[in-house]
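In the working numbering, each residue carries its 1-based index in the sequence shown increased by 92.
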Amino acid sequence: MSLSAHIKIDKDLAVKGYRRALRYGAFGTYLYWYAIRLTVLWVLIAMADGIGGEKDLAPLHACVLLLVCLGATIYDYIQWYRGIETTITGWEFDATLDEDGVKTHTEVPSDAEYSRDFYTGYREYDDYLEIHDSNKQVTFVPKTVVLAEVVAITKEKIPKL
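Encoded structure:
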């Protein structure tokens, strides 16, 4: 016996779930990033306070840097929170539940091809190809039996460097 269903997750639900799942992690990441840098800055300022004979200013400077840390963290978190909507899309897939477990099936759009001008060239080595693109990124394709067709198409369509 098996059950099959078509699952559709709207963009609004995906955004809400993504925000809820990653909110503490995102806030913690921003807080950690600013805390480390501002702690180093506070140590330098405290040393300058100590050398200048104003040791009583170190706690005041620590409080100010703590407020700066919290403010910057909250600002970056709000920017992350608002930016989620532009990067997340909804999902749609088919799922089948049977004796072996759950299997998902998705259709991959084939219109994600790049023009030949996107790739600037490739270099061939004994066991892999090194493909360069116009964004100055490098992709490595191993020469295996499974990827033999990809290697052949790459050699045919992209100029050699």
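Glycine is no exception: its CB is placed at the ideal position from the N, C-alpha and C atoms.
Source: prediction; values computed, not measured.
| query | result |
| --- | --- |
| Under 7 Å between C-beta atoms of residue 153 and residue 128 | no |
| Span separating the alpha-carbon of residue 120 from that of residue 179 | 21 Å |
| Classification of residue 165 by the beta-carbon crowding that lies within 10 angstroms, buried from 16 upward | buried |
| Stretch pair the segment 176-195 + the segment 227-235: three plus CB contacts closer than 8 Å | no |
| Residue 250 (DSSP reduced to helix, strand or coil) | coil |
| Straight-line Cα distance separating residue 214 from residue 235 | 13 Å |
| Rounded separation between residue 197 and residue 101 - CA only | 14 Å |
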